[in-house]
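Chains as they are written, first to last, in this note's numbering: chain A, 1 to 475; chain B, 1001 to 1475; chain C, 2001 to 2102; chain D, 3001 to 3102. All C-beta atoms, glycine included, are put in the ideal place defined by N, C-alpha and C.
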Amino acid sequence: MGIDLLTVFYIAASVTFILGLKMLSNPATARRGNLIAAGGMTLAIIGTIFLYKNEGSPLHNLGWIFLGIFIGGLIGTMTARKVKMTAMPEMVSLFNGMGGACAALISLLEFEHLFEANRSEGLSSFSGLVQPGFYLTIVTGVIIGTVSFAGSIIAWGKLSGNVKDIVFRGQHLTNILFLALVLAAAIYTYQTDLDEAHIYFFITAGLAFFYGILFVLPIGGADMPVVISLLNSFTGVAAACGGFLYNNKAMLTGGILVGSAGTLLTIMMCKAMNRSLLNVLIGSFGASASSSAENMEQGSYKSISLSDAAMVMAYSQKVLIVPGYGLAVAQAQYACHELEKLLTEKGVDVKYAIHPVAGRMPGHMNVLLAEADVSYDLLLEMEQANEEFPATDVVLVLGANDVVNPAAKKDPSSPIYGMPILDVELAKTCIVNKRSMKPGYAGIENALFFQPRTSMLFGDAKKVLQNLIGEIRVL
Amino acid sequence: MGIDLLTVFYIAASVTFILGLKMLSNPATARRGNLIAAGGMTLAIIGTIFLYKNEGSPLHNLGWIFLGIFIGGLIGTMTARKVKMTAMPEMVSLFNGMGGACAALISLLEFEHLFEANRSEGLSSFSGLVQPGFYLTIVTGVIIGTVSFAGSIIAWGKLSGNVKDIVFRGQHLTNILFLALVLAAAIYTYQTDLDEAHIYFFITAGLAFFYGILFVLPIGGADMPVVISLLNSFTGVAAACGGFLYNNKAMLTGGILVGSAGTLLTIMMCKAMNRSLLNVLIGSFGASASSSAENMEQGSYKSISLSDAAMVMAYSQKVLIVPGYGLAVAQAQYACHELEKLLTEKGVDVKYAIHPVAGRMPGHMNVLLAEADVSYDLLLEMEQANEEFPATDVVLVLGANDVVNPAAKKDPSSPIYGMPILDVELAKTCIVNKRSMKPGYAGIENALFFQPRTSMLFGDAKKVLQNLIGEIRVL
Amino acid sequence: MSQILHWVSDNQQILYIVILMIFLGVEVIGRVPAVLHTPLMSGANAIHGVVIIGAIIVMGKADQGNFLALGLGFLAVILGTINVVGGFVVTDRMLEMFKKKT
Amino acid sequence: MSQILHWVSDNQQILYIVILMIFLGVEVIGRVPAVLHTPLMSGANAIHGVVIIGAIIVMGKADQGNFLALGLGFLAVILGTINVVGGFVVTDRMLEMFKKKT
Ligand SMILES: NC(=O)c1ccc[n+]([C@@H]2O[C@H](COP(=O)([O-])OP(=O)(O)OC[C@H]3O[C@@H](n4cnc5c(N)ncnc54)[C@H](OP(=O)(O)O)[C@@H]3O)[C@@H](O)[C@H]2O)c1
Ligand SMILES: NC(=O)c1ccc[n+]([C@@H]2O[C@H](COP(=O)([O-])OP(=O)(O)OC[C@H]3O[C@@H](n4cnc5c(N)ncnc54)[C@H](OP(=O)(O)O)[C@@H]3O)[C@@H](O)[C@H]2O)c1
């Protein structure tokens, strides 16, 4: 009876996962989708605790289980609540790592279980008692879980600035060799003498851990969102292995769902930046492109003074602000909102033009501006914005670069060629704020800066905005 | 070994069904999708014939099976090849009916099987030997299969003009009563004395047959595509019942897939006409609306003579032709293509504006014009066409009415309000060909006809087109 | 109630397959444009012709002497085949008409 | 070869579930706009936290004296819970930021 009810719970949970993910991919229903999936998850967890039967007897150690859930829940809630919006990807990476570690630990303990069972039967190797399929599930869970754990920690480290990009010659070959080693150790474990197997299993896990580190190390820090998404789908597969292990459909379906959707999401993220997954993973993009930037001829550009910029904006009718990665770096979102309010008070029509991959994670700008309480209605999506530029007097580009680079439309040899951009050239004037003439993420020169209608306003975004506000106030 | 291989075949078939349906919903891949699904089906059929094991022994009567497949294949191919493009929905309806009958026959034979088994065990009622779930599967298969069969035949009859719409008072009540009777008979069969059950099972099937007829009878002939789509998804469910019966995953997945996709498709078809499924099934739309048409005041309209119309078109720069149901009725697609070629020779830019629900089945106009060899490039979809109307000199409306009715945009009380339409009013002049001022399918007056820029060109579409061609030739 | 739960539990895999298939059916055709409604309907119609497999099984396990089963089974095979073959052929013909002629 | 076929046949229902789930994963998020990539990733991240169920089972069937299993199981429960709870909470916070403020 109880165990039958649990099955129904699991089916319900699987359905909420599917529905939740579906709703998460639509702005209107996303939040509800997240809650629905969370509800299904709660059902599955509570059901497991109280209704699961292991060989006919209910689970014990309930006290420990509740304590673990309490501690984990507390840590999870606190960190998730306290984290700064702009540090979201790091956070997701850490959470993902925890999931990977959890999956790896489960498989590890099941291995120990098998090991004991084999030993008490007096068998000399695993293959005696254990089906290849079952061992495969366990070892896959350990390897993928561990890789995901190690990789996520490195990705977190890179995003939070604790780990530097490390590139050396022959890196990719080393990585492939390492992967081969992991697989060899896994196979050896299955076939060798029982006691040796015990050691080699841990060697397999250890090698997988190092492989996870090596896998993420060469990839550029800015590409971490893509890597996190990929590791996310890895953890999904590791969770699915757990589902096979316990013949548990909730784990199986949830894991596979995330594995499949995560893989597609990873590919879509790459596409939004006009790159291939392979290109991201090999991590050569930034390197090769920045050299080409140096080769490009520098045209002549003109600067604008703070007071002139303040004047132009205060006396125009319509201003569109294009935020980019620089705004996030300078943490200038509050100053930006301030400027927007001030201009609006003066009767200027101010809106934001949001490029989907501005910044370093999808939706970065939405989150950033929302943090500063900018009204959602003022945010124009790329298509809308491109329609409004021709009727715009001033475009203020704040620390954005690639997302307004006309090379994406005009220069087929450019690495960003084909990426949709914000057509700021269509506006009457364009004021670009950044600290120097240095290129952005893609490492390429931007012809926009050298156009007659464009003026540069150098300086850190936050300082410049504060000064602009000061100037406009005294106008 | 053989039976294991069959499982793989079935899995492959299920995958091709999913892929096929997915590809069928995209114009670029539709044809390939159909072929892929057909390939999977062939695999599943051949696999079943040669690899299926019934209690350990292979299937016999192979000669008969091949003969049946040969005959069925021959009939299927011949009729499918010979049918006129515009008679497609009838054809699909017939094929669907065959599928329903097939599903019903299978369940019927399995029932006989059970009946014999029960009798030889000396049991007095079904419930003794047969699980309720199993009986439910059988009886559901018979009922749904039979309803689908009978309904499809009526739908075919209506479309081919052999069956008239029959409406009487209390029809819906009668139908609901009949459905209740079917269910009652089905339940009674399970519980009653074995020999009586044998009779009552056939009574159940017979009642289901009548219910199928009654279900479709009151629905207007023009709504048959929607009904066929609904019956199509019914047959899917009946096929899935067969899948349960034989624990056959190919039948199960294929059936459920069609059942689910077919239901959604039915709803989408209704939406494209701006109606609800219930509204279609109750079949009251045409009736109530046509009375309201009579209440509308008739404005004044102006006619145009054949020679004037010929002149206007021949000396314009850009003509858009809007085909509708009347063109199909008049079988004027060839004459229409003729006119288009003639005008093009004279240097006029001629294209077609295709409304998605013009005619009586989705894509009706595409199929109709393709039959007359009109080039696909000349067909504009609704959105494109609406962009081009303002730059168009003459719009020639050929037997279309509802799809160019401005009430859909302007009159919230109109039954077609909210349906997207072709904005022919935007063009410089509009010539409308139909036989009278009578309303179209929705039975409502069309304000377009009374507008200053519109002129009416009365007559049967084919005759009018032939005369126009004659006039233009001699210009 | 507990019987139903038990039944669900016994058949959970099949139930999963059914539920997932329902979701898939809806998702897979969710983006179909209106012009393709008729060919899609026709293609789906051909796919449910998979019921022919059942007819083959019924026919193949019928005893030589059981004329009812043989006769009706034979009929079922013919009808099922018409559904499958006719369905795919007619769909193909329709789609051919939608093809760009280049 | 024949062993593999046999394995496939024995596990066909599970295989069906896996295959259908893969299709569903792809179909379900196929239309997501770029702005929602991050919350979607985060939501998916929370969903794979379902692995916590495995941790609970491991923990719940560990013997009182088996300190390795108890210790690591306890750790697994904590880590899994962090994944689940943190994942859903962070996703909700993110989505709150996307909400229209009216
Ligand atoms: N959103 C995503 O999911 C994602 C993920 C990975 C990669 N990417 C990539 O990231 C790029 C995003 O484009 P983007 O235009 O937002 O950024 P960007 O092209 O990287 O340019 C940012 C600019 O901000 C300036 N900047 C840096 N710090 C600043 C400060 N404190 N004050 C003012 N300016 C500052 C920099 O110029 P100075 O150094 O001269 O100041 C730089 O040129 C795209 O190439 C995209 O493909 C996006
Ligand atoms: N496509 C689908 O899937 C589908 C399915 C079911 C219903 N519908 C509905 O069908 C309608 C389709 O709109 P529609 O504009 O194509 O057709 P319509 O609104 O039914 O109008 C057709 C017009 O053609 C005229 N006509 C009939 N025979 C003719 C002939 N021989 N020569 C010249 N004209 C002739 C009729 O007027 P006269 O009698 O004065 O000649 C009639 O007004 C929509 O309301 C739609 O919702 C569509």
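C-beta neighbour in chain C for residue i, strict 7 Å
i, result
"residue 1102 (chain B)", "yes"
"residue 3012 (chain D)", "no"
"residue 1 (chain A)", "yes"
"residue 176 (chain A)", "no"
"residue 1022 (chain B)", "yes"
"residue 1332 (chain B)", "no"
"residue 1224 (chain B)", "no"
"residue 457 (chain A)", "no"
"residue 1262 (chain B)", "yes"
Proximal residues of chain C, C-beta to C-beta of residue i below 7 Å
i, result
"residue 3070 (chain D)", "None at all; the shortest Cβ gap to chain C is about 30 Å."
"residue 1115 (chain B)", "Those do not exist, as residue 1115 (chain B) stays about 11 Å from chain C at its closest Cβ, beyond 7 Å."
Closer than 7 Å to chain D by CB, residue i
i, result
"residue 2057 (chain C)", "no"
"residue 288 (chain A)", "Caution applies to residue 288 (chain A), whose pLDDT of 42 falls short of 50 and renders its modelled position unreliable; the value that the coordinates give is listed next. No, because no Cβ of chain D sits closer than 7 Å to the Cβ of residue 288 (chain A)."
"residue 1018 (chain B)", "yes"
"residue 255 (chain A)", "yes"
Cβ of residue i within 7 Å of any chain B Cβ
i, result
"residue 3005 (chain D)", "yes"
"residue 3026 (chain D)", "no"
Nearest-angstrom beta carbon gap, residue j and residue i [assumed within contact, 8 Å]
i, j, result
"residue 97 (chain A)", "residue 149 (chain A)", "5 Å"
"residue 3095 (chain D)", "residue 30 (chain A)", "5 Å"
"residue 1037 (chain B)", "residue 1063 (chain B)", "About 28 Å separates the two Cβ atoms, so there is no contact after all."
Within chain A, the residues that residue i reaches when beta carbons sit closer than 7 Å
i, result
"residue 3074 (chain D)", "64, 68"
"residue 2008 (chain C)", "4, 7, 8"
For residue j and residue i, the rounded distance between their alpha carbons
i, j, result
"residue 68 (chain A)", "residue 3078 (chain D)", "5 Å"
"residue 1354 (chain B)", "residue 1323 (chain B)", "7 Å"
"residue 25 (chain A)", "residue 1110 (chain B)", "45 Å"
"residue 1294 (chain B)", "residue 1443 (chain B)", "Unreliable placement is indicated for residue 1294 (chain B), whose pLDDT of 44 sits below 50; the coordinate value is still reported in the next sentence. Those two C-alpha atoms are separated by around 9 Å."
"residue 460 (chain A)", "residue 468 (chain A)", "12 Å"
"residue 317 (chain A)", "residue 2040 (chain C)", "52 Å"
"residue 1276 (chain B)", "residue 1440 (chain B)", "19 Å"
"residue 1428 (chain B)", "residue 1320 (chain B)", "11 Å"
"residue 1190 (chain B)", "residue 1125 (chain B)", "7 Å"
"residue 310 (chain A)", "residue 462 (chain A)", "15 Å"
"residue 1337 (chain B)", "residue 2035 (chain C)", "20 Å"
Closer than 7 Å at the beta carbon, the chain D residues around residue i
i, result
"residue 2023 (chain C)", "3024"
"residue 1249 (chain B)", "3012, 3016"
"residue 440 (chain A)", "The premise fails here: residue 440 (chain A) is roughly 18 Å from chain D at the closest Cβ pair, so nothing lies under 7 Å."
Chain D residues whose Cβ lies nearer than 9 Å to that of residue i
i, result
"residue 1011 (chain B)", "3008, 3012, 3015, 3016, 3019"
"residue 1015 (chain B)", "3019, 3023"
Under 9 Å from the C-beta of residue i: neighbouring residues of chain A
i, result
"residue 3002 (chain D)", "Simply none; closest approach about 15 Å."
CB contact below 7 Å: residue i versus chain A
i, result
"residue 3063 (chain D)", "no"
Below-7 Å beta-carbon distance, residue i vs any chain F residue
i, result
"residue 3067 (chain D)", "Of the chains in the structure shown, none is chain F; the protein chains are A, B, C and D."
Proximity test, residue i beta-carbon vs ligand 3 heavy atom, cut-off 6 Å
i, result
"residue 1301 (chain B)", "With respect to ligand 3, the structure offers nothing, as its ligand set consists of ligand 1 and ligand 2."
Would you check if there are 3 or more beta carbon pairs closer than 8 Å linking the segment 1391-1406 of chain B to the segment 2040-2060 of chain C?
-> No, because fewer than three Cβ pairs between the segment 1391-1406 of chain B and the segment 2040-2060 of chain C fall closer than 8 Å, the two stretches do not touch.
With contact counted as at least three CB pairs below 8 Å, one residue from each stretch, are the segment 1375-1384 of chain B and the segment 1302-1319 of chain B in contact?
-> Output reads no: the segment 1302-1319 of chain B does not touch the segment 1375-1384 of chain B.
Specify whether the segment 1076-1087 of chain B and the segment 2084-2097 of chain C touch according to this definition: at least 3 beta carbon pairs, one from each stretch, less than 8 Å apart.
-> The segment 1076-1087 of chain B is in contact with the segment 2084-2097 of chain C.
Contact between the segment 1038-1056 of chain B and the segment 1006-1017 of chain B: three or more CB pairs below 8 Å?
-> Touching, yes, given that three or more Cβ pairs across the two stretches are closer than 8 Å.
Is it a yes or a no for the segment 1136-1153 of chain B touching the segment 1228-1238 of chain B, going by three-plus beta-carbon pairs under 8 Å?
-> Yes, they touch.
Please confirm if the segment 1158-1178 of chain B is in contact with the segment 1211-1220 of chain B, defined as three or more CB-CB distances below 8 Å between the two stretches.
-> Touching, yes.
Flag this pair as touching only if the segment 3012-3030 of chain D and the segment 2022-2039 of chain C have three or more C-beta atom pairs under 8 Å; answer yes or no.
-> Result yes; three or more Cβ-Cβ pairs closer than 8 Å.
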